[in-house]
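Protein chains in written order, with this note's numbering: chain U, 801 to 1024; chain S, 801 to 1024. Read the structure below first, then the notes.
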DNA sequence: CGTTTTCATGACAGTTGTGTGACAAAACCC
DNA sequence: GGGTTTTGTCACACAACTGTCATGAAAACG
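Dropping the structure here:
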């Protein structure tokens, strides 16, 4: 199922777009401001983003720039103005396509498909993160200890990446459940179990972990 | 240097586009018919192709379809008609963008840039890639193991090239489906089957692959 | 020092992911 | 047109992984 996020302040237009997109078989949801749109996209990544340029507060250009900082999602601008400067500026900001209102839903749908066909760029390789003798490369799906490849499972890998991303900071079990498993609620012991298994694999002495440490009452953190 | 091929029958418009593109720093060359355009693109791959829809003989849609059969180059349609049906049909045929004449050269340039940023970088002749005893020459369409030529099918070859292009990085089944088969959605098991067949051919011990490895829960990757 | 809370870990059963052989449809090639 | 190759679907088997639970150790608390 393909999810589309529509960032548009005009309620009528936004709802019309959402309905039309659902008609076309997409899962669509909206945001009335750039800030809300950015937040929703962070929390729940859509496969495509539609954004209006004229937004109250943060405008569309800035919205695109900020979203581009950590997201490769194809962004389509839907604007009322057919102005070359706007088009160029939007594409410069990181948009992938530009449509002028009123948009024909069939055209929109075809363009979304064309964009997805081309797929995510895959260009920027993520450098491996190093924690002492521990090495994590999300790109290669690999974990190494002292240069030796260590086999970790998908869940363990995600957990490790999450901890690595916030290296040095404590993450509560609740946060980890949320970020790694997507559980809003659940047994926190689950995290313990996976941390334990991870330690067996990545720590020289699993009983006295040096990298993946427990902060009693708080959670876990990964340190150098 | 970025090369652009302009397929457009109207001499005046073609020359104007070529001049404007060179002004923008591109290397640009033209073709007056679809047939000529296809031939030139086969002989000498441009990084971007601009196509007019109204062409004598083979029309633009057919031109795009034929070019798409064995080329991933970003194709931009430049048409006089601002008609949703045309737009949709062109995108369906495999175009990546659609501009209505008269085009603003700055906009065109920005769109070309956006396309390339997103698009694959299948530029220039690709040198043979070597993975231990495995050798892949995308240009020659050949695979060798220990110097011996190995017969692989077209699909297997594309799959292998895709993996080789991102050597060392995991590609999910979804990404492979999209990049090798062009499927937006589909049965991921299909990838397994072809990976399996490929292993039979390129791995010394297919049951214990050394190059084409599985990353459980993540996908496949090709490594040295 | 005893009690309570928090955490580590081994065992286990259910679930999921992957490899593979068989087969039919489609494409290709004389 | 008939035979061959290639492709995609399916089903099954097996291995790997996940989440739950129980138990006991360690730390915090009073």
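The C-beta atom is built at its ideal place from N, Cα and C for all residues, glycine as well.
Please confirm whether residue 751 of chain U has its beta-carbon closer than 8 Å to some beta-carbon of chain S. Residue 751 of chain U lies beyond the range of chain U shown here (801 to 1024); nothing can be said about it.
To the nearest angstrom, how far is the alpha carbon of residue 856 of chain S from that of residue 883 of chain S? Here the question's residue 856 of chain S lines up with position 56 in the second chain. Here the question's residue 883 of chain S lines up with position 83 in the second chain. Those two C-alpha atoms are separated by around 20 Å.
Using the DSSP secondary-structure output, state which residues sit across from residue 936 of chain S in a beta bridge. Here residue 936 of chain S refers to the residue found at position 136 when the second chain is read from its first residue. Paired residues: S:929, S:943.
Out of S:1018, S:969, S:1004, which has the shortest C-alpha to C-alpha gap to residue 992 of chain S? By 1-based counting over the second chain, the position of residue 992 of chain S is 192. When each option's Cα is compared against that of residue 992 of chain S, the closest is S:1018.
Cα-Cα, which of U:816, U:813, U:865 is closest to residue 838 of chain U? Position 38 of the first chain, counted from the start, is the residue given in the question as residue 838 of chain U. Minimum Cα distance to residue 838 of chain U is reached at U:865.
For the 8 Å Cβ check, are there 3 or more pairs between the segment 878-894 of chain S and the segment 845-855 of chain S? yes
Three-state class that DSSP yields for residue 960 of chain S in the structure shown: Working through the second chain from its first residue, we reach residue 960 of chain S at position 160. Helix at residue 960 of chain S.
Using the beta-carbon count (16 or more within 10 Å), is residue 902 of chain U buried or exposed? Against the first chain, residue 902 of chain U aligns to sequence position 102. Exposed: under 16 other Cβ atoms inside 10 Å.
Outcome for residue 848 of chain U when other beta-carbon atoms lying within 10 angstroms are tallied against a minimum of 16: Residue numbering aside, residue 848 of chain U sits at position 48 when the first chain is read from its first letter. Answer is buried; the Cβ neighbour count reaches 16.
May I have the straight-line CA-CA distance separating residue 893 of chain S from residue 862 of chain S, to the nearest angstrom? The count along the second chain starts at 1 and reaches residue 893 of chain S at position 93. The count along the second chain starts at 1 and reaches residue 862 of chain S at position 62. Straight-line Cα distance between these residues: approximately 8 Å.
Using DSSP with H/G/I as helix, E/B as strand and the rest coil, what is residue 1014 of chain U? Position 214 of the first chain, counting from 1, holds the residue named residue 1014 of chain U. DSSP places residue 1014 of chain U in strand when its eight states are reduced to three.
Please check if any C-beta of chain U sits within less than 8 Å of the C-beta of residue 896 of chain S. Mapped onto the second chain, residue 896 of chain S falls at position 96. Closer than 8 Å: yes.
Positions along the segment 868-893 of chain U whose CB lies within less than 7 Å of some CB in chain S: 884, 887, 888, 891, 892
From what residue to what residue does the beta strand (DSSP E) around residue 837 of chain U run? For the purposes of this step, residue 837 of chain U is identified with residue 37 of the first chain, where counting begins at 1. Not the beta strand (DSSP E): residue 837 of chain U falls in the alpha helix (DSSP H), residues 834-843.
Determine the closest residue to residue 974 of chain U out of U:968, U:962, U:890, with distance taken between C-alpha atoms. As a working mapping, residue 974 of chain U is identified with position 174 in the first chain. Residue U:962 is the option with its Cα nearest to residue 974 of chain U.
Using 10 angstroms around the beta-carbon of residue 956 of chain S, count the other beta-carbons present and answer buried if the total reaches 16, otherwise exposed. Numbered from its first residue, the second chain carries residue 956 of chain S at position 156. It counts as buried.
On the criterion of 16 or more Cβ atoms from any shown chain inside 10 Å, does residue 927 of chain U qualify as buried, or is it exposed? Within the first chain, residue 927 of chain U is the residue found at index 127, counting from 1. Result: exposed.
Between the CA atoms of residue 836 of chain S and residue 904 of chain U - distance to the nearest angstrom: Counted from its first residue, the first chain places residue 904 of chain U at position 104. Counted from its first residue, the second chain places residue 836 of chain S at position 36. So the two alpha carbons sit approximately 33 Å from each other.
Where the alpha helix (DSSP H) through residue 1000 of chain U begins and ends: As a working mapping, residue 1000 of chain U is identified with position 200 in the first chain. Here the alpha helix (DSSP H) through residue 1000 of chain U covers 989-1002.
I need the DSSP call for residue 820 of chain U, collapsed to helix, strand or coil. Locating residue 820 of chain U in the first chain gives position 20, where the first residue counts as 1. Of the three classes helix, strand and coil, the one that applies to residue 820 of chain U here is helix, per DSSP.
Please list, in chain order, the residues of the segment 817-845 of chain U that have any C-beta partner in chain S closer than 8 Å. none
Would you decide whether residue 946 of chain S is buried or exposed? Buried here means 16 or more other CB atoms lie within 10 Å of its CB. Here residue 946 of chain S refers to the residue found at position 146 of the second chain. Residue 946 of chain S is exposed by the Cβ-count criterion.
Near-chain S residues of the segment 932-951 of chain U - C-beta to any C-beta below 7 Å: 939, 940, 941
Against chain U, with Cβ distances strictly below 8 Å, would residue 904 of chain S count as a contact? Locating residue 904 of chain S in the second chain gives position 104, counting from the first residue. It does: the Cβ of residue 904 of chain S has a partner Cβ on chain U nearer than 8 Å.
What are the start and end residues of the beta strand (DSSP E) that includes residue 827 of chain S? Position 27 of the second chain, counting from 1, holds the residue named residue 827 of chain S. Element bounds for residue 827 of chain S: 827-831.
List, in order along the chain, the chain S residues whose C-beta lies closer than 8 Å to that of residue 910 of chain U? By 1-based counting over the first chain, the position of residue 910 of chain U is 110. Result: 887, 888, 891, 892.
Residue-level contact to chain S via CB, residue 913 of chain U, 8 Å cutoff: Numbered from 1 along the first chain, position 113 holds the residue referred to as residue 913 of chain U. Yes, residue 913 of chain U lies at the interface with chain S (some Cβ there is under 8 Å from its Cβ).
Counting only beta-carbon separations shorter than 8 Å, does residue 954 of chain U have a partner in chain S? Reading the first chain from its first residue, position 154 is the one you call residue 954 of chain U. Closer than 8 Å: yes.
Listed by chain order, chain U residues near residue 970 of chain S by CB distance under 8 Å: Position 170 of the second chain holds residue 970 of chain S. Near residue 970 of chain S (Cβ distances below 8 Å), the residues of chain U are 939, 940, 941.
The alpha helix (DSSP H) spanning residue 886 of chain U covers which residue range? The residue given as residue 886 of chain U occupies position 86 in the first chain. Run containing residue 886 of chain U: 884-893, per the alpha helix (DSSP H) assignment.
N-terminal and C-terminal residue of the beta strand (DSSP E) that residue 986 of chain S is part of: Taking the first residue of the second chain as position 1, residue 986 of chain S is located at position 186. Element bounds for residue 986 of chain S: n/a, residue is neither H nor E.
With residue 825 of chain U and residue 814 of chain U assumed to form a contact (beta carbons below 8 Å), what rounded beta-carbon distance in angstroms separates them? Taking the first residue of the first chain as 1, we reach residue 825 of chain U at position 25. Taking the first residue of the first chain as 1, we reach residue 814 of chain U at position 14. About 19 Å; that fails the 8 Å criterion.
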